[in-house]
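K.L.:
After the structure tokens below, expect a handful of questions from me.
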Amino acid sequence: MSEFALHSAENVLPKNLSLVVLAGGMGSRFGGNKQLALVGNTGRTLLHFSVMDGYRAGIRHAVLVVRESLLELFASDVLPHFPADLLVELVCQQMSDLPEPAQASGHMSELVANRQKPWGTAHALWSARKELAGRSVIVLNADDYYGDQAMQLLVQHFQSSADWAMVAFPVVATLSEFGGVNRGVCLVENSMLKQVTEWTEISRDDKEQIFGIDGEGKLQPLALDTPVSMNIWGFSEQMMSRLQAALLEFLQGKPSAKAECYLPAVVDQALLSGQRLQVYLSSQLWHGVTYPDDLPKLAVYFQQKIDTCE
Numbered sequence: 001m002s003e004f005a006l007h008s009a010e011n012v013l014p015k016n017l018s019l020v021v022l023a024g025g026m027g028s029r030f031g032g033n034k035q036l037a038l039v040g041n042t043g044r045t046l047l048h049f050s051v052m053d054g055y056r057a058g059i060r061h062a063v064l065v066v067r068e069s070l071l072e073l074f075a076s077d078v079l080p081h082f083p084a085d086l087l088v089e090l091v092c093q094q095m096s097d098l099p100e101p102a103q104a105s106g107h108m109s110e111l112v113a114n115r116q117k118p119w120g121t122a123h124a125l126w127s128a129r130k131e132l133a134g135r136s137v138i139v140l141n142a143d144d145y146y147g148d149q150a151m152q153l154l155v156q157h158f159q160s161s162a163d164w165a166m167v168a169f170p171v172v173a174t175l176s177e178f179g180g181v182n183r184g185v186c187l188v189e190n191s192m193l194k195q196v197t198e199w200t201e202i203s204r205d206d207k208e209q210i211f212g213i214d215g216e217g218k219l220q221p222l223a224l225d226t227p228v229s230m231n232i233w234g235f236s237e238q239m240m241s242r243l244q245a246a247l248l249e250f251l252q253g254k255p256s257a258k259a260e261c262y263l264p265a266v267v268d269q270a271l272l273s274g275q276r277l278q279v280y281l282s283s284q285l286w287h288g289v290t291y292p293d294d295l296p297k298l299a300v301y302f303q304q305k306i307d308t309c310e
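In this text, residue positions in the sequence shown follow the working numbering: the first is 1, and each later residue adds one.
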């Protein structure tokens with residue numbers, strides 16, 4: 001196996017640790033199925049490199065949460081490139097797959113019929129509840145690449161702790177040259193997460209200052225080193241019950257056709273009730289795909305990395 005000089009991890013991992021890749025988004029800004037976009041001439045998708053980082057760190061069970069319309073393409077174009085001893089399961093994020101109390105509600109069929117996009121990242125993770133029963137999980141986005149350090153930090157975390165965890169990046173290292181981005185802005189004290197707030201349309205102006213729209217809809221400045229969540233988390237199995245409660249509350253509010261239940265919002269509610277969450281800071285660069293023009297730079301990065309390791 002040549003990619004990135006991958007080898008099995010030396011440390012013994014907990015047998016109940018899984019990797020979950022959220023790959024069910026619509027890619028509205030990208031203009032297509034960016035989860036399946038190939039990175040340059042590598043012949044691989046971005047999520048492939050993240051999963052292989054998990055494999056190198058010792059993980060042997062992964063779940064890819066995808067839309068039903070992409071299920072066959074993932075099965076034919078993505079799964080064959082993974083090692084034989086890595087169990088990879090595909091889970092469909094379906095809009096009709098909702099907690100039973102919500103399904104019994106009279107207005108739910110109307111909500112589903114009017115829905116234009118998936119219910120969000122909280123629902124995506126909850127969709128894999130059966131495959132992840134009794135397991136701790138490392139969760140990440142399909143359209144982000146966090147670097148092997150982030151994966152190793154979270155794997156090491158679960159070797160010694162039952163707390164939740166995350167890897168944060170400075171906001172300046174997570175911007176796109178081609179438009180605004182959404183990030184979970186983190187309040188961290190003594191390496192523990194105290195609050196995470198979803199900010200939207202974060203970008204840098206002509207004076208190299210960073211601005212974004214905060215949780216109250218106001219345009220606000222952000223310091224360059226503000227830690228942000230890129231949706232790479234570590235959760236214990238108790239997360240599933242919190243996700244279900246959050247989804248029920250979200251659905252009871254009769255959300256609009258475009259409203260989403262965000263994973264960082266569920267985390268924030270858990271923090272308010274006393275959940276501990278360790279924050280690790282990555283010294284590596286984040287790479288992601290928000291717009292089509294983000295791909296060429298990624299292609300150069302991964303080709304250089306592959307060439308270096310061969």
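For each residue, glycine too, the CB sits at the ideal point set by N, CA and C.
(1) What three-state label does DSSP hand residue 165 in the structure shown?
(2) Tell me the DSSP secondary structure of residue 189 in three-state form.
(3) If the criterion is Cβ atoms closer than 7 Å, does the pair residue 49 and residue 145 meet it?
(4) Provide the residue span of the beta strand (DSSP E) that contains residue 278, from first to last.
(5) My output table needs one value for residue 131: the three-state DSSP class, helix, strand or coil.
(6) Could you tell me whether the Cβ atoms of residue 87 and residue 61 are closer together than 7 Å?
(7) Between residue 369 and residue 269, is the Cβ-Cβ spacing less than 7 Å?
(8) Using a Cβ-Cβ cutoff of less than 8 Å, which residues in the same chain neighbour residue 17 once the five nearest sequence positions on both sides are dropped?
(9) Taking the continuous alpha helix (DSSP H) assigned at residue 233, which residues delimit it?
(10) I'd like the span of the beta strand (DSSP E) that includes residue 62, first residue to last.
(11) Count the other CB atoms, across all protein chains shown, that sit within 10 Å of the CB of residue 274; report buried if there are 16 or more and exposed otherwise.
(12) Extract the residue ranges of the beta strand (DSSP E) inside the segment 71–116, only unbroken runs of 3 or more that lie entirely within it.
(13) From the DSSP output, in three-state form, read off residue 249 for me.
(14) Within its chain, find whatever has a CB closer than 8 Å to the CB of residue 38; leave out the 5 residues flanking it on each side and keep chain order.
(15) Mapping DSSP to helix, strand and coil, what is residue 205?
(16) Is it right to say residue 140 is buried, meaning 16 or more other beta carbons lie within 10 angstroms of its own, or is it exposed?
(17) Taking only the alpha-carbon atoms, compute the straight-line gap between residue 233 and residue 183 and give it to the nearest angstrom.
(18) The ligand ATP and residue 174: does any heavy atom of the ligand fall closer than 6 Å to the residue's C-beta?
(19) Measuring straight from C-alpha to C-alpha, what distance separates residue 217 and residue 77?
(20) Count the other CB atoms, across all protein chains shown, that sit within 10 Å of the CB of residue 178; report buried if there are 16 or more and exposed otherwise.
P.N.:
Straight from the coordinates:
(1) Taking the first residue of the sequence shown as position 1, residue 165 is located at position 165. Three-state DSSP puts residue 165 in a strand.
(2) Here residue 189 corresponds to residue number 189 of the sequence shown, with the count starting at 1. In the structure shown, residue 189 sits in a strand (DSSP, three-state: E or B).
(3) Taking the first residue of the sequence shown as 1, we reach residue 49 at position 49. Taking the first residue of the sequence shown as 1, we reach residue 145 at position 145. A contact, by the Cβ cut-off of 7 Å.
(4) Position 278 of the sequence shown, counting from 1, holds the residue named residue 278. From DSSP, the beta strand (DSSP E) with residue 278 extends over 277–281.
(5) For this step, residue 131 is matched to residue 131 along the sequence shown. Three-state DSSP puts residue 131 in coil, outside helix and strand.
(6) As a position in the sequence shown, residue 87 is number 87, starting the count at 1. As a position in the sequence shown, residue 61 is number 61, starting the count at 1. Taking 7 Å as the Cβ cut-off, residue 87 and residue 61 qualify as a contacting pair.
(7) Because the chain in this structure spans residues 1 to 310, residue 369 falls outside the shown range and cannot be described.
(8) By one-based count along the sequence shown, residue 17 stands at place 17. Around residue 17: 59, 61, 135, 136, 137, 138, 155, 158.
(9) Numbered from its first residue, the sequence shown carries residue 233 at position 233. Residue 233 -> not in any alpha helix (DSSP H); beta strand (DSSP E) instead, spanning 227–235.
(10) Translated into the one-based positions of the sequence shown, residue 62 becomes position 62. Looking at the DSSP string, the run of the beta strand (DSSP E) that includes residue 62 is 61–66.
(11) In the sequence shown, residue 274 corresponds to position 274, counting from 1. The residue in question, residue 274, is exposed, as its Cβ has fewer than 16 Cβ neighbours within 10 Å.
(12) 87–92
(13) The residue you call residue 249 lines up with position 249 of the sequence shown. If DSSP states are grouped into helix, strand and coil, residue 249 belongs with the helices.
(14) By one-based count along the sequence shown, residue 38 stands at place 38. Correct list, in chain order: 44, 45.
(15) Looking up residue 205 in the sequence shown gives position 205. The answer is coil: DSSP assigns residue 205 none of H, G, I, E or B.
(16) Within the sequence shown, the letter at position 140 stands for residue 140. Classification for residue 140: buried.
(17) The residue labelled residue 233 in the question sits at position 233 within the sequence shown. The residue labelled residue 183 in the question sits at position 183 within the sequence shown. Roughly 14 Å between the two C-alpha positions.
(18) Looking for the ligand ATP in the displayed structure turns up nothing, as the structure carries no ligands at all.
(19) The residue given as residue 217 occupies position 217 in the sequence shown. The residue given as residue 77 occupies position 77 in the sequence shown. For residue 217 and residue 77, the distance between alpha carbons rounds to 40 Å.
(20) In the sequence shown, residue 178 corresponds to position 178, counting from 1. Answer is exposed; the Cβ neighbour count stays below 16.
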